[in-house]
Every structure is written in structure tokens, then in C-alpha cells.
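Asker: Chains as they are written, first to last, in the numbering used here: chain A, 5 to 440; chain B, 3 to 388. Idealized CB from N, CA, C, for every residue including glycine. Computed from a predicted structure; not experimentally measured.
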């Protein structure tokens, strides 16, 4: 009795260590484990015995389909929810991170953190253009784009309730600074008339933004003349000419200046030049830093939430798997005892039950991952971003996420199979053979 | 009730199985308790807050300010009892990560919120001090501020006239809320709008929003329309709505929490249904001879059906209650650790009720098939093991 207690304690300890290592294991580690397992199964005597025993168990699976599906569905649920949650975080951070790069920098008023809070007066813009480190165009002029963004209320397409959209006024250079932006429908806006173009995300998120339609913003009617695609956070925005916007909203100052820089070195020169000019109390950030910072907080929250929810669900699924496998072992007690009586030793019996559970877990993991991918990959949602306005982004079910989902599934299978497997190996042969 | 001990011993006939199933049920309802509390907290958006107050903000956008000159016109709108105003400041304390709401308010702002409990002497001191500030007790505790301390608030939107971002404020007093559900509001810092208006570089004579107290809650829609009519077709059109609607519109824009929670819980409960359904059918299968004996002794078909149904409901309710109980213990801890970001005083009654309904529903559904099987047993066949 005491020996058995020790055994259990030891296996729990091993299990915890094993699980931690397993979740951290990189793909080549997993491949190595799989290779060692395969070699052992094929080349050693006990491995071949285990394989034979597992085959008997697996062959009888269809008879226990109801009970076995508990493991598959339970694990599929965990993996599905986990992958979907992480895909949401991944999608959000990918959308914002893609928006920025190291070749452009955004200049904001000192201490203002976000565009909405920033003010850059018109007389500062020519000063900024003379700073060191800026990228020049073919005519030798610095590529700088002063911009103004206004938060406007628009009814959402789903519920018709007002949501905050970002309405950005840009100069001609904005297109040169963001070459990833392409007009996919209609045309660009004309300067001096109330025309705007909308991002493809915004077009789906809000009502009435089809090309040719008029929208009322700030008491004035604007005509939608085009749709653009950028594949990043700008997709959630509405764009127009900066002077048109500033006159419509009576805003004389700009908010931010986005500039092209000559790589990392250029950015260093730029920040140094800014710090040395007492007329410019401004902060410069590479757009990569600026947009990554905006995604950090929410991405972390989503990730932690996903892991917590996944863990609680995984615990539930482990108990479900334990239950099913105990029942399976109990149901096949006589069969297992017979096998032991004719010479199958402990290890092959344990491995056979484990292999069976792992197979079910793998099926569950694949099913869950597939469901998450089929439903959520590219699923579009919006949240409130750092500038008090909606950021539309898509769930991104990446192969890495599916991979870690599978690892979770196998981890659950490992825990759920081990204890029933140990019980199977310890069944007293004589008692089990007499069982009805 | 007289059969309770029979059901109880049937439930624990196979200890391992019942125990493992219970643990699964517990973890499912623990998750439900946690998620649904978050959902309720998000969607209520201060449904507990006074319904007799309107928020009047710019119709054009949240960042647009309104002229101070609207005040007398709003005050004289029929049905308006009292009006106050405030302007968002958006300052940071030491680090942007130390986020808390801070805004400037008119002198009689606290009359608008009688539920904010503040020492009258402190209120008086605040009103007398141009650079005074009042903070909620939770916030004061979080940063260990004492009355008389100077709080070096850093502007992110509104620098001082000389261009500096430093807005040192003197702490004049603290307020608290009796309602534990609204402790989150103790995270605010309030200072004088007059000081803000005079000292900032950019805006003059502008407020962020007006708060309006109504004579009669039933007239909310009419008064809101009348207030919006004042500024119609101007460049500062307003949108008046109840405080509750205003708060909710924010939460909704952040994320559709309701949908996420429903989706996750659907996955969890579907799994749970399958799992406990399997347990119950096993439990009945194992006991066929015993059930036959019961019937031989004279238990009617109906009684046997009820016995099995009650057993399955009992299993789920037992696990569910333990799960929700654990959630009730965890939530205040999480809430305290989040430093005011998440405000969950406990499991709301709504969640308890939904949870209970779910437990009964799942219990009945899960028990139905095995119970029918038990009811239809033919004594002779069952005893013979056929």
C-alpha cells in the first residue's frame, strides 16, 4: 500500500515536470521525442509488444465510440478556444505591427503618447523639414507628411450604434511614405472638395461607406470616392486632404508629422537634431515602435486571458479523459489481465493505454484546431485602440498557434492516460481474471 | 425527500467516476462564474449609476469639446434640475501605465453625485484652493497619497500656457462610494475646471461634457431632445443620453464581450453535456440489476425515472455550486490584484441565477436518456442480465 502511494506521488511529480518541459519544447525537441518513441516501438522487443497491445486497444475503440468521443470533443473544445483566443491577440498585434516600420518615424508633441493628444503648429513643419537624418526624394526635398486626425462618430454596420472612427487628413507625401496603401476601388480624393476615401476595414465596419454615397461628418456632407487597402491599422480609417479636413473642423494646427528616415542611423540623427533644437519640443518615434506600443497592452491581456481560460478548460478535459480511460481500463480488465497472464509485462501495457489516449487526444487537437481555423481565420472584429477610435483587425490562426494547440492536446492526453495506464499495469491478474 | 439517502449512495457508488465527473463540472462552472461576472460587469456599464442623470456630449465625436456658453441654456431647459460640467484632462502620473481617469470639473460637481461621500470640510478646502484636487479613496491608497500632498500630474493633451507639461495639483480631499459595485469610480482624480480653463494653452471657454440631473426620470427622452434642440445645426451639436447608455456605448466599442463569453461557454457546456451524459449512462448501465431489484420491491416506473433524474441533477448542481463558490472566492482576489483596472466585487446575482438555471437544465438533459432507460427496464430481462 505504502509503495503504491510513493509510486503515485512520484508519477505526479514526473508529470508536472514533464508537462512544463513539453509546453516549452521547440519543434525539433518534439521531433526528437517522436523519433525516439518510434524507434523504441519498432526496434525493441517491449516496444513491439506495446505496439501490438495498443493495436488491440485501438481495434476495440469503435465499440466504445460514445465514451471515447468525450476525450476527443473535450480536447477539441480546449484547443479550439485556446487557439481562437490567441489568434485574436495575434491578429491585433500583427495589424498594428505591420503599420509601422523602421524607415519612417512619427513626430508628436512632447509627452503626448498618441496622435489624438498631440498638437504640431504650422510654423514647426518647415523646421522639421530641415532636420538631419530625413530621407530625401528625387528633387532633394525631405519626405514629410503633416497629418491631422479627427475622431468622428459613425454608425456601425452590425448594430447601427455610434462608434468612433478615425478621420485622417493627409498631404500628398502620405502616399509616398506608406507605399503599402493601394486604392482598390474608385479613385483618390480631390483637393479642395469634400471627398474622402475609406479603408476596406472601415467600409465593412460602418454603415453607408460605399463608393458614390454621401456621409454626414461634422455637419457636412462628404462623398465617398474610393476604397483603399493597406492590410494594417490604416484599413480602419477614413482619409481626405489635410487642408479640407482642417477647414471643415476649423483646426489650424496639425497633429503629427510622419517622416521618412534613413534607416536606424537616420532616426538617431533625427532624435539628436530634435533634442538640440529648442524651438521644437517634440518626440520622435519610429512608426514600428509607435504602433507596437499601442498593441502591447491589449495583446498581453488577451494572451493571459486565453491561457487562463485554456488552463481551466484543460483541467476539466483532463478529468473527462481520466474518467473515460479508467472506464476503458475497467471494461477491458479481463482482456488486460489475460495479456499480462500470457507474458505482456508492465511497460508494454502502460504504453498501450497511453498510445490509445494520445491517439484520441491528437484527433481532438486536430479537430479543435481545424474548427478554430475554419471559423475564425480572417474573422474580422474591431476594438477601441489607443486613439479613442476603432481598430478593425482579423483573427490570425497561424501555424504556430495550431502547433501549440496540438501540444496542449497531447499534454492533456498524457495526463489523462497515465494514471489509468498505471492502474492497468497494476491490476492483480488473478482478481481481474475472475472479474465478470 | 425520503429517497435522498438512496440517491446519495447511488451517486457515490463508483467514487472515482463521480469524483472525476464532479471535478469536470466544477471547472466548467468555475469558468462560467469568472467569465459571466466579467460580462455582466462590462455590459451593465453602470446600470447601478443614477438613471436620473443625462450626459450631454458632442454629437460629432468624443474628442470634440462644447462651448461653456451652453450652460445657461441647458440649465433653463424645462425638466432640468441641476447641471454640472467637466472636461477630460488625460494626464499621467509618473508613467503612462499608471492610468486613471482624471478630469476638471465645475465647483458643484459633487452635488450632482450625492453617492460620492466626501467630508464637507475637505470639500470646502478644495473649493477654496485653485489648484486643489480630489481623488477617490482607492486611488489615494494605490499611490499612497495623503491630504496636502502635491500630485505632479503630467499633461498629455493640454500643456500649461508656458508650454510645460507639469500640472502640480494639491490633494484637498478624498471621496468614497458606499456601493461596493461602484468601487471602480474611486479611481478618479478631479480638479478645478476654472484652473484648467485659465492655465491651459489650447482651449478656452470649452467643456468636455455636461451632466444634467432630471426632475423626473420618466421625462429623460423629452429633456434629452429639448437639450439637443438647443444646438441643432450649429457646429457643436450635442447628444444627450442617460449616463447608463453613455457608459454602455463605450464598453460595447471596446469589445463584444457578450459574444466572446457566449462562444466560449457554448464550447464548454457542449463538452460538459457529453461528458456527464456519458457518466450517467455508465452509472445506469452498471446498476441495471439493482434497478431491477428496486422495481421488484414495488418502486413504480415513475419513481425510478425520478430517482435517476434527481441523481443527475444533484451531480451537476453539486459540482456547479462548488465551481461558482470557488469563482466567488477568486474574483475579489483578481479584482484586488488588477489595481483598479478590473472592478469585480463578486459574482453578481444575475450570474448565480443563470448558473443555477444552467445546472438544472444540463442535469435534466443529461439525465433524460439514462432515466428513460431505467424506467423501461423489464424486471425479468434485467435480473437475468439480458
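(1) Let's test the definition: count the other Cβ atoms within 10 Å of the Cβ of residue 297 of chain B and tell me whether it reaches 16, buried, or not, exposed.
(2) Can you list the beta strand (DSSP E) stretches of 3 or more residues lying completely in the stretch 317–390 of chain A, in chain order?
(3) I want to know whether the stretch 138–151 of chain A touches the stretch 373–391 of chain A - three or more CB-CB distances under 8 Å.
(4) Pull the bridge partners of residue 213 of chain B from the DSSP assignment, please.
(5) Show which residues of chain B have a CB atom less than 9 Å away from the CB atom of residue 123 of chain A.
(6) Once you ignore the five residues that flank residue 287 of chain A on each side, which residues in its own chain have a CB closer than 6 Å to its CB?
(7) Classify residue 80 of chain B: buried if its beta carbon has 16 or more other beta carbons within 10 angstroms, exposed otherwise.
(8) Thinking residue 203 of chain A and residue 245 of chain A are a contact (beta carbons under 8 Å), I'd like their distance in whole angstroms, please.
(9) Taking the alpha-carbon positions, what's the residue 135 of chain B to residue 173 of chain B distance?
(10) Please state whether DSSP places residue 165 of chain A in a helix, a strand or coil.
(11) Inspect the beta-carbon positions of residue 180 of chain A and residue 290 of chain A and report whether they are closer than 8 Å.
(12) In chain order, which alpha helix (DSSP H) runs of at least 4 residues are fully inside the stretch 150–186 of chain B?
(13) When you compare the CB of residue 330 of chain A with every CB in chain B, is at least one pair closer than 8 Å?
(14) Which residues, taken in chain order from the stretch 380–406 of chain A, show a beta carbon closer than 7 Å to some beta carbon of chain B?
(15) Is residue 19 of chain B close to chain A, meaning its C-beta is less than 8 Å from at least one C-beta of that chain?
(16) Given residue 19 of chain B, which residues of its chain have a CB within under 8 Å of its CB, disregarding the five upstream and five downstream residues?
(17) In chain order, what residues of the stretch 97–124 of chain B put their CB closer than 7 Å to some CB of chain A?
(18) List, in chain order, every chain B residue whose beta-carbon is nearer than 7 Å to that of residue 120 of chain A.
(19) Name, please, each residue of chain A whose Cβ falls closer than 8 Å to the Cβ of residue 239 of chain B.
(20) Using the three-state DSSP reduction, which class does residue 106 of chain B fall into: helix, strand or coil?
(21) Considering only C-alpha positions, which residue in the set B/17, B/15, B/27 is nearest to residue 273 of chain B?
(22) Out of curiosity, what's the CA-to-CA distance linking residue 32 of chain A and residue 437 of chain A?
(23) Would you say residue 285 of chain A faces chain B, with C-beta separation under 8 Å as the test?
(24) How would you list, in chain order, the residues of chain B whose beta-carbon sits under 7 Å from the beta-carbon of residue 374 of chain A?
(25) Output, in chain order, the set of chain B residues within a Cβ distance shorter than 7 Å of residue 327 of chain A.
(26) Given this structure, state the Cα-to-Cα distance separating residue 87 of chain A from residue 114 of chain B, to the nearest angstrom.
(27) Quick test of your reading: residue 209 of chain A and residue 394 of chain A, contact by CB under 8 Å. State the CB separation rounded to the nearest angstrom.
(28) At 4 residues or longer, and completely inside the stretch 117–145 of chain A: list those alpha helix (DSSP H) runs for me, N to C.
(29) Which same chain residues end up closer than 8 Å to residue 225 of chain B when comparing Cβ atoms and leaving out the 5 residues on each side of it in sequence?
(30) When the Cα atoms are used, what is the spatial distance from residue 344 of chain A to residue 433 of chain A?
(31) For residue 59 of chain B, which of B/333, B/90, B/34, B/312 has the nearest alpha-carbon?
(32) Give the residues of chain E in contact with residue 39 of chain B, contact being defined as C-beta atoms less than 8 Å apart.
(33) Could you tell me the alpha carbon to alpha carbon distance between residue 367 of chain A and residue 22 of chain A, rounded to whole angstroms?
(34) Taking residue 298 of chain A as the reference, give the member of A/187, A/390, A/74, A/361 with the closest Cα.
(35) At what residues does the alpha helix (DSSP H) containing residue 392 of chain B begin and finish?
(36) Distance, Cα to Cα, residue 203 of chain B vs residue 256 of chain A?
Answerer: Quick answer:
(1) With 16 or more other Cβ atoms within 10 Å, it is buried.
(2) Listed in chain order, the beta strand (DSSP E) runs fully inside the stretch 317–390 of chain A are 384–388, counting runs of at least 3 residues.
(3) No: fewer than three Cβ pairs fall under 8 Å.
(4) Partner(s): B/57, B/86.
(5) Ordered by position in chain B, the residues that pass the 9 Å Cβ test against residue 123 of chain A are 159, 161, 203, 204.
(6) Excluding the 5 residues flanking it on each side, residue 287 of chain A has same chain C-beta neighbours closer than 6 Å at 112, 114, in chain order.
(7) Answer is exposed; the Cβ neighbour count stays below 16.
(8) Rounded to the nearest angstrom, the Cβ distance from residue 203 of chain A to residue 245 of chain A is 16 Å, too far for a contact under 8 Å.
(9) Between residue 135 of chain B and residue 173 of chain B, the C-alpha separation is close to 5 Å.
(10) Annotated three-state conformation of residue 165 of chain A is coil, per DSSP.
(11) Cβ distance not < 8 Å, so residue 180 of chain A and residue 290 of chain A don't count as in contact.
(12) Segments of the alpha helix (DSSP H) lying fully in the stretch 150–186 of chain B: there are none.
(13) At a cut-off of 8 Å between C-beta atoms, residue 330 of chain A counts as an interface residue with respect to chain B.
(14) Listed by position along the chain: 387, 388, 392, 394.
(15) Yes, because at least one Cβ of chain A sits closer than 8 Å to the Cβ of residue 19 of chain B.
(16) Here the set comprises 281, 284, 285.
(17) Answer set for the stretch 97–124 of chain B: 98.
(18) Within 7 Å Cβ-Cβ: 65.
(19) Around residue 239 of chain B, the beta-carbon contacts reaching into chain A at under 8 Å are 223.
(20) In this structure, residue 106 of chain B counts as strand in the three-state DSSP scheme.
(21) Among B/17, B/15, B/27, the Cα nearest to that of residue 273 of chain B belongs to B/27.
(22) Each residue's alpha carbon lies about 44 Å from the other.
(23) By this cut-off, residue 285 of chain A is an interface position.
(24) None at all; the shortest Cβ gap to chain B is about 14 Å.
(25) Counting only Cβ-Cβ distances below 7 Å, residue 327 of chain A has contacts in chain B at 19, 22, 23, 281, in chain order.
(26) Residue 87 of chain A and residue 114 of chain B have their C-alpha atoms spaced approximately 47 Å apart.
(27) So it is a contact: roughly 6 Å between Cβ atoms.
(28) Counting only runs of 4 or more residues that sit fully inside the stretch 117–145 of chain A, the alpha helix (DSSP H) segments are 128–133, in chain order.
(29) Cβ neighbours of residue 225 of chain B beyond the five flanking positions: 56, 79, 80, 81, 82, 214, 216, 242.
(30) Going by the C-alpha atoms only, they are around 7 Å apart.
(31) Comparing Cα-Cα distances from residue 59 of chain B to each of B/333, B/90, B/34, B/312, the minimum goes to B/90.
(32) Annotation note: the requested chain E is absent from the structure, which comprises protein chains A and B.
(33) As the crow flies, the alpha-carbon of residue 367 of chain A is around 21 Å from that of residue 22 of chain A.
(34) Nearest C-alpha to residue 298 of chain A among A/187, A/390, A/74, A/361: A/390.
(35) In the structure displayed, chain B extends from 3 to 388; residue 392 of chain B sits before or after that span and is not available.
(36) If you take the alpha carbons of residue 203 of chain B and residue 256 of chain A, they lie about 14 Å apart.
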